[in-house]
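Chains as they are written, first to last, in the numbering used here: chain A, 1 to 150; chain B, 1 to 314. Ideal Cβ positions, reconstructed from N, Cα and C, are used throughout, including at glycine. These numbers come from a predicted model, not from an experiment. This report refers to the structure that appears directly beneath it.
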Amino acid sequence: MIDKRLIRAIENGIVIDHLPAGVAWKVAEILDLIEKREGKISLGDNHRSDKITGLKSFIKIEGRVLSQYEMDLIALVAPNATINIIRDGEVFEKKNANLPEVLRGVVKCPNFNCISNKESEGIRTKIYCKDSIFTCHYCRQAFSRRDFKI
Amino acid sequence: MENPFYKRDVIAIEDFSRQDLDFLLNYSKEMKRDPSRFKELMKGKVMVPLFFEDSTRTSMSFKMAMHQLGGDVLDFDPSASSLKKGENLKDTIKMFEGYFPDVVVMRHYKDGAAQLAADLLNCPLINAGDGQNQHPTQTMLDLFSINEVAGSIDGIEIGMVGDLKYGRTVHSLAIALSKYNNCKIYFVSPESLKVPESFLKVLREKGVVFSEHLLEELEDITSKVDVLYMTRIQRERFPEGPVGEQDYQAVKQAYSLKMEMLKNVREHFKVMHPLPKVFEIDKELDDTKFAYYYEQASNGLHIRKALLYLTTTK
């Protein structure tokens with residue numbers, strides 16, 4: 001449960017919950033919440049959790065809709081996150097994040113010599129995900145999740 | 001059979017099935033057998049060779065292939081181009097696309113550059129090498145040469161010798177052989193340049209039969225194979241400075257194929273090499289019946305002629 005004494009409940013929006021401690025900041029970065037500054041965003045970190053081992057973090061977003069693709073991106077850093085869709089102050093739907101088939105512009109190809117890492121080309125990266133293997137569209141090298149810095 | 005190469009990019013050997021490769025090898029064989037039949041095939045068509053990295057051999061081979069098919073070749077000099085002024089690859093490709101070429105052949109120093117160019121072009125792109133990534137026409141000419149030597153690629157027993165850690169050609173050839181039946185690969189290398197475990201895992205998944213050996217076993221291996229595929233150990237792979245130089249010299253000197261190692265070879269046994277070679281094959285072998293590397297390089301012409309034609313003509 002999110003401590004409502006600390007973070008106000010939202011009427012309409014999304015609560016991304018059960019993120020390991022510290023991970024909410026990464027989710028905010030992946031979803032571009034910091035740069036875009038759309039909607040009201042509350043971020044909690046180092047809260048007690050009754051579902052995950054250790055402390056948790058979470059994000060509440062009011063007034064901004066996330067696409068299925070955006071929600072699925074959360075699986076990159078928190079495969080066990082819970083996504084609650086809130087309508088009229090109630091949980092309308094609960095979703096899990098499942099890694100999308102293609103990641104576009106989210107992570108860099110770990111291959112240093114890949115053309116997609118040449119800044120002057122201005123390429124939006126394209127990484128295919130299948131069975132926990134990540135393959136770059138350009139250099140076609142395959143990587144595991146451990147190879148990516150997010 | 002319908003031409004499976006028409007309007008297709010040639011980026012990596014993995015993109016082609018056994019049937020595709022059989023089609024290409026048969027067509028190339030015809031082109032080699034009677035080149036006069038194919039003299040005008042590309043008349044009125046233009047090839048744009050974009051070689052951003054030095055590659056005299058591959059570049060000349062493609063240009064000669066286009067000339068022999070009666071087609072035209074555009075000039076391109078990266079040192080005199082807008083790249084010097086800071087233009088990126090994307091803009092260069094888009095600019096050439098506006099000239100409506102029939103086919104683009106590209107070599108670039110960055111991995112994945114071929115895919116980037118192919119995504120931007122309307123005409124087929126043939127990858128003539130992108131960084132340390134892919135060089136599919138080399139693998140295709142290797143397959144063609146193996147087929148010529150052994151009469152079939154199915155059942156081939158091949159020794160791959162040298163830098164098996166970084167060597168792009170051996171990795172691609174091993175992947176290509178996984179499309180054929182009952183092939184056996186003997187990997188022979190110094191301890192420090194063995195095939196990476198991650199790549200061996202890929203081969204196992206593809207059902208490739210292989211065994212690993214150190215250089216000391218090379219002579220034994222020569223009697224067990226149809227083809228010995230030698231590769232060069234590249235100095236640039238070792239660390240800079242005296243320690244790196246010492247390591248390189250140690251490996252380089254331990255590693256030279258000599259006539260006396262070929263006493264018990266099979267009747268049709270041949271030595272292949274993607275060239276250029278330096279120390280890895282003793283020069284006395286060059287003029288023997290075992291040396292197939294010059295013929296192999298020449299086969300590149302026939303493969304490239306076939307690819308230029310097949311990718312541009314229905």
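- Put simply, the CB of residue 176(B) is far from chain A, with every gap to its CB atoms at 7 Å or more.
- Your pair residue 65(B) and residue 308(B) checks out as a contact, with CB atoms roughly 6 Å apart and the cut at 8 Å.
- 7 Å or more divides the Cβ of residue 248(B) from the Cβ of residue 232(B).
- DSSP places residue 163(B) in the coil class of the three-state scheme, outside both helix and strand.
- For residue 82(A), the secondary structure class from DSSP, reduced to helix, strand or coil, is strand.
- Using a Cβ-Cβ cut-off of 7 Å, residue 116(B) counts as an interface residue toward chain A, since at least one Cβ of chain A sits closer than that to its own.
- Of the candidates 23(B), 58(B), 217(B), the residue whose Cα lies closest to the Cα of residue 138(B) is 58(B).
- If you keep only unbroken beta strand (DSSP E) runs of at least 3 residues inside the region 21-57 of chain B, you get 46-51.
- The alpha-carbon of residue 122(A) is positioned some 45 Å away from that of residue 215(B).
- Beta-bridge pairing by DSSP links residue 134(B) to 130(B).
- Taking 8 Å as the upper bound for CB-CB distance, residue 111(B) and residue 114(A) are in contact here, some 5 Å apart.
- When C-beta atoms of the region 97-109 of chain B are compared with those of the region 73-82 of chain A, fewer than three pairs fall below 8 Å, so the two segments do not count as touching.
- In chain order, 16, 43, 44, 45, 57, 58, 59 place their CB closer than 8 Å to the CB of residue 24(A), counting only its own chain and leaving out the 5 sequence neighbours on each side.
- Note on geometry: alpha-carbon atoms of residue 158(B) and residue 242(B) lie some 35 Å from one another.
- Residue pairing by DSSP places residue 143(A) opposite 134(A) in a beta bridge.
- Contact between residue 278(B) and residue 192(B) does not hold, since their C-beta atoms are separated by about 18 Å, which reaches or exceeds 8 Å.
- Per DSSP, residue 268(B) lies in no beta strand (DSSP E) and is assigned neither H nor E.
- When 8 Å is used as the limit between beta carbons, residue 132(B) is near these residues of chain A: 113, in chain order.
- Non-local C-beta neighbours of residue 118(B) in its own chain, meaning closer than 7 Å and more than five positions away in sequence, comprise 9, 11, 125, ordered along the chain.
- No Cβ-Cβ contact shorter than 7 Å links residue 54(A) with residue 40(A).
- Measuring C-alpha to C-alpha distances from residue 105(A) to each of 50(A), 150(A), 90(A), 13(A) identifies 150(A) as the nearest.
- Residues 74, 96, 101, 104 of the same chain have their beta carbon placed closer than 6 Å to that of residue 48(B), with the five preceding and five following residues left out of the count.
- For residue 138(A), at least one C-beta of chain B is nearer than 7 Å to its own C-beta.
- Residue pairing by DSSP places residue 128(A) opposite 102(A), 135(A) in a beta bridge.
- Within the region 90-122 of chain A, those residues whose Cβ lies closer than 7 Å to any Cβ of chain B are, in chain order, 111, 113, 114, 115, 116, 118, 120, 121.
- In this structure, the alpha-carbon of residue 184(B) lies about 31 Å from that of residue 310(B).
- Distance from the CA of residue 296(B) to the CA of residue 93(B), rounded to the nearest whole angstrom, comes to 31 Å.
- Within 8 Å of the CB of residue 299(B), no CB atom of chain A is found; the nearest one sits about 26 Å away.
- Annotation for residue 20(A): the continuous beta strand (DSSP E) segment containing it runs 13-20.
- Chain A places a beta carbon closer than 7 Å to that of residue 110(B), counting this residue as a contact.
- In this chain, residue 294(B) is not harboured by any beta strand (DSSP E); it is covered by the alpha helix (DSSP H) spanning 293-312.
- The region 38-56 of chain B makes contact with the region 128-142 of chain B: 3 or more CB pairs, one atom from each, lie closer than 8 Å.
- Not flagged as an interface residue toward chain A: residue 206(B), since no C-beta distance is shorter than 7 Å.
- Linking residue 125(A) to residue 292(B) through their CA atoms gives a straight-line distance of about 42 Å.
- Checking the DSSP bridge columns, you'll see residue 106(B) partnered with 50(B), 127(B).
- Excluding five sequence positions before and after residue 101(A), the CB atoms of its chain that fall closer than 8 Å to its own CB belong to 128, 129, 130, given in chain order.
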